[in-house]
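Have a look at the structure below before the remarks.
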């Protein structure tokens, strides 16, 4: 700032003209292959660091005992479930029988497809035919949806309709 004030008062007398150095970047001798190799090295170093951190966490957790939820084996086996007949679906106790039946099937497995298989094996053939026909038309994505539909379909007021639809089935 002082140089500027001196220049404005005295002019250019007594001031040295200095040449500023201009820094030009050096030409990069790195080839694309070397650049690619450096990038891979950086990525590998980052992966090594992440692996080290994960290993440290595992070793730290190894010393601590954690509660792990283990699957409980069901006491009810599929063959232990009483066969569900059409006659079980009539009367005041029909809904209760269905509820017990579904809870037993549910306790045998957590997998939806396995539950469907158990369900089909533990109902009498005419009822299995009706359920299988519906399962082929409707894709149930959860056990709750399937059981709600079955509760609705298999209650007392729908049994006659089920019997009629079973009798209408034609075999090829």
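In our numbering, the protein residues as written are 92 to 263. No residue lacks a Cβ here, since even glycine has one placed at the ideal position from N, Cα and C. What you are looking at is a predicted structure, and each value in this text was computed from that prediction instead of being measured.
field: residue 126 burial status per 10 Å Cβ neighbour count (16 or more: buried)
entry: exposed
- request: Please say whether residue 192 and residue 173 have beta carbons closer to each other than 9 Å?
  value: yes
message: Along the chain, where does the alpha helix (DSSP H) containing residue 187 start, and where does it finish?
response: 185-199
Residue 149 versus residue 218: straight-line alpha-carbon distance, rounded: 52 Å
message: What does DSSP give as the partner residue(s) for residue 167 in the beta ladder?
response: According to DSSP, which records beta bridges pairwise, residue 167 is partnered with nothing at all.
- prompt: Does DSSP put residue 129 in a helix, a strand or coil?
  reply: helix
task: Name, in chain order, the residues that DSSP records as bridge partners for residue 220.
output: Bridge partners of residue 220: none, in fact.
query: On the three-state DSSP scale, how would you describe residue 241?
result: helix
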